[in-house]
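Below you'll find the structure, written out as structure tokens, and then a few comments.
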Amino acid sequence: MPTSAKWLDGLTALARLAVLRFTGAGGGAPTLTLPRWAGEGTSACPRKLRQSLPRPAGEDRWGQVTLVGAGPGDPDLLTVAAVKALAAAEVVLYDALVGDGILDLSHPKAERICVGKRSGRHSLPQGEINALIAFHARRGKRVVRLKGGDPMVFGRAGEEIEHLDSLGIPVRVIPGITAALGCAASTGLSLTKRGVSRAVTFVTAHGRDGERFEPDWARLADPQGTLAIYMGREQARAVGQGLTGAGLPAATPVLAVENGCRPDERRYWTTLGRMAEQGVAAGKGPTLLLVGEALRPRQAINKMVGTADPIDLRALGDLAQGFDHD
Ligand SMILES: C[S@@+](CC[C@H](N)C(=O)[O-])C[C@H]1O[C@@H](n2cnc3c(N)ncnc32)[C@H](O)[C@@H]1O
8 MPTSAKWLDG LTALARLAVL RFTGAGGGAP TLTLPRWAGE GTSACPRKLR QSLPRPAGED
68 RWGQVTLVGA GPGDPDLLTV AAVKALAAAE VVLYDALVGD GILDLSHPKA ERICVGKRSG
128 RHSLPQGEIN ALIAFHARRG KRVVRLKGGD PMVFGRAGEE IEHLDSLGIP VRVIPGITAA
188 LGCAASTGLS LTKRGVSRAV TFVTAHGRDG ERFEPDWARL ADPQGTLAIY MGREQARAVG
248 QGLTGAGLPA ATPVLAVENG CRPDERRYWT TLGRMAEQGV AAGKGPTLLL VGEALRPRQA
308 INKMVGTADP IDLRALGDLA QGFDHD
């Protein structure tokens with residue numbers, strides 16, 4: 008077992024001890040009895056729960072809610088605070104993007120409820136997720152709402168916090184590593200670079216509930232900036248067309264990272280011009296588009312040939328010119 012995993016195990020064990028002491032229960036957190044609809048994968052939730060619920064009789068304390076950033080996928084990238092919160096949680100509501108290795112850090116007796124897209128099912132509507140979080144908090148439970156990346160970056164944390172605020176339920180946020188920063192680290196490419204990129208913009212290429220996506224291309228097309236485009240794979244051609252149309256050179260490097268920071272991470276290099284014509288070849292995993300001069304592949308990439316690194320050098324195209332990778 009790697010040292011970091013041992014350390015994490017030790018930390019988790021400590022946090023679990025803390026839970027036992029806190030609850031005073033020798034066998035860990037109490038087993039929860041949940042309504043039928045609250046089970047994993049259930050997509051129905053009574054409409055009345057969209058309204059604020061009365062506090063159940065007999066409860067002598069409010070529960071508390073912690074929004075926890077799960078990072079891009081590697082459990083080693085969780086914060087210590089996230090590990091502690093997971094170990095102490097009685098109810099964990101998680102998104103589909105959160106990996107099993109991370110979920111396994113929650114208490115074995117904690118109720119785990121998937122509220123994200125799974126096996127072709129749609130995620131619960133946001134209003135029902137809000138109601139579900141509030142429901143468990145009002146039962147006096149320690150609730151963790153576990154989200155991929157950072158909860159405050161394209162994570163709808165704002166909507167959940169507003170809902171809990173409106174009910175007077177205490178809420179805390181534990182940040183996570185957002186996809187852009189995780190992908191920059193795993194590829195070893197800095198998003199800012201002296202003399203090359205002086206700004207980073209996080210932007211989504213996804214319209215709300217299927218609405219048409221039409222960002223202000225002229226504002227985004229900064230030749231001295233880096234764009235981190237979330238939920239952009241399906242819109243890749245439109246992104247390429249919009250940015251080149253607004254004046255960014257067609258030769259600007261684009262790096263699409265699929266399943267960043269996971270064992271099956273894949274990287275696809277292209278140029279803005281080629282992306283405008285062909286989109287990106289990434290598969291179905293979560294994919295981040297990084298656009299800008301700072302994304303020019305490192306010279307060291309040629310050393311990776313013949314290793315297990317998943318870079319498809321043919322996809323480097325023009326960007327790889329001058330690289331000795333035969
Ligand atoms: C709904 S957003 C959630 C973003 C998340 N809150 C964060 O801070 O990373 C989902 C999008 O984030 C990006 N994403 C999340 N995890 C990723 C990963 N491991 N690798 C690449 N992109 C990822 C993809 O663009 C995906 O479509």
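So the sequence shown is residues 8 to 333, counted in this note's numbering. Glycine included, every Cβ here is placed at the ideal spot set by N, Cα and C.
Taking the C-alpha atoms as reference points, what is the distance between Gly108 and Val264?
21 Å
Quick check: Thr251 and Gly232, are their CB atoms within less than 8 Å of each other?
no
Please list the terminal residues of the continuous beta strand (DSSP E) segment that includes Ala289.
Where Ala289 is concerned, there is no enclosing beta strand (DSSP E), given that its DSSP letter is neither H nor E.
Given this structure, state the Cα-to-Cα distance separating Leu297 from Trp69, to the nearest angstrom.
43 Å
Where Trp224 and Thr73 are concerned, what is the direct C-alpha to C-alpha distance, given to the nearest angstrom?
36 Å
Flag Ala289 as yes when its Cβ comes closer than 7 Å to any non-hydrogen atom of ligand 1, and as no otherwise.
no
For His143, count neighbouring C-beta atoms within 10 Å of its own C-beta (all shown protein chains included) and say buried if the count is 16 or more, exposed if not.
buried
Would you kindly report the start and end of the unbroken beta strand (DSSP E) that includes Thr278?
Arg273 to Thr278
Does the distance between the C-beta of Gly155 and the nearest non-hydrogen atom of ligand 1 fall short of 7 Å?
yes
Return yes when at least one heavy atom of ligand 2 lies under 7 Å from the C-beta of Val160, else no.
Ligand 2 is not part of the structure shown, which contains ligand 1 as its ligands.
Any chance the region 288-304 sits against the region 195-206, with 3 or more Cβ pairs inside 8 Å?
yes
With 16 as the cutoff for other CB atoms within 10 Å, does Pro115 come out buried or exposed?
exposed
Tell me, which residues are paired with Arg179 by DSSP?
Thr73
Could you check the C-alpha separation between Ala138 and Glu284 for me, to the nearest Å?
43 Å
For my contact list, Pro82 and Ala186 are in at a C-beta cut-off of 8 Å; report their separation, rounded to the angstrom.
So it is not a contact: roughly 16 Å between Cβ atoms.
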